[in-house]
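Q: Numbering (the working numbering), first residue to last: 5 to 114.
Sharing a structure, written as structure tokens. Questions coming.
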């Protein structure tokens with residue numbers, strides 16, 4: 005999935021996607037690296053953050069990530085989670101990345 009970030013936001017994105025969400029940064033091919041942005045992976049999930057000169061955060065469209073032990077994860081990371089009970093039987097919340105992009109986190113266990 006791809007998420008937009010503002011110009012120069014790569015280091016902030018790294019701190020969030022690697023240090024908070026637990027992704028690993030992977031190298032972009034040189035021709036793509038010249039455009040800026042960064043690529044992150046965790047298991048079979050890949051997040052590409054791309055630089056957008058006229059950046060506007062995505063407030064409706066969003067990626068959804070499965071997290072085992074979601075409640076504990078949110079508590080230990082200190083994320084400002086907006087919990088939702090709109091889907092019965094599903095533990096989930098929304099958080100924002102440092103740029104205001106909405107990200108859904110869903111309990112993967114059980």
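All residues carry an ideal CB built from backbone N, CA and C; glycine is no exception.
Taking the alpha-carbon of residue 79 as reference, which of 57, 50, 61 and 109 has the nearest alpha-carbon?
A: For the purposes of this step, residue 79 is identified with residue 75 of the chain shown, where counting begins at 1. Cα-wise, what sits closest to residue 79 is 109.
Q: Among 111, 14 and 106, which one has its Cα closest to the Cα of residue 61?
A: The sequence position of residue 61 within the chain shown is 57, counting from 1. Per the Cα distances, 106.
Q: Distance, Cα to Cα, residue 102 vs residue 17?
A: In the chain shown, the residue the question calls residue 102 occupies position 98. In the chain shown, the residue the question calls residue 17 occupies position 13. Those two C-alpha atoms are separated by around 7 Å.
Q: Are residue 51 and residue 21 touching if we call contact CB-CB under 8 Å?
A: The sequence position of residue 51 within the chain shown is 47, counting from 1. The sequence position of residue 21 within the chain shown is 17, counting from 1. Taking 8 Å as the Cβ cut-off, residue 51 and residue 21 qualify as a contacting pair.
Q: Indicate whether residue 94 and residue 69 have their beta-carbon atoms separated by less than 8 Å.
A: Taking the first residue of the chain shown as 1, we reach residue 94 at position 90. Taking the first residue of the chain shown as 1, we reach residue 69 at position 65. Contact: no.
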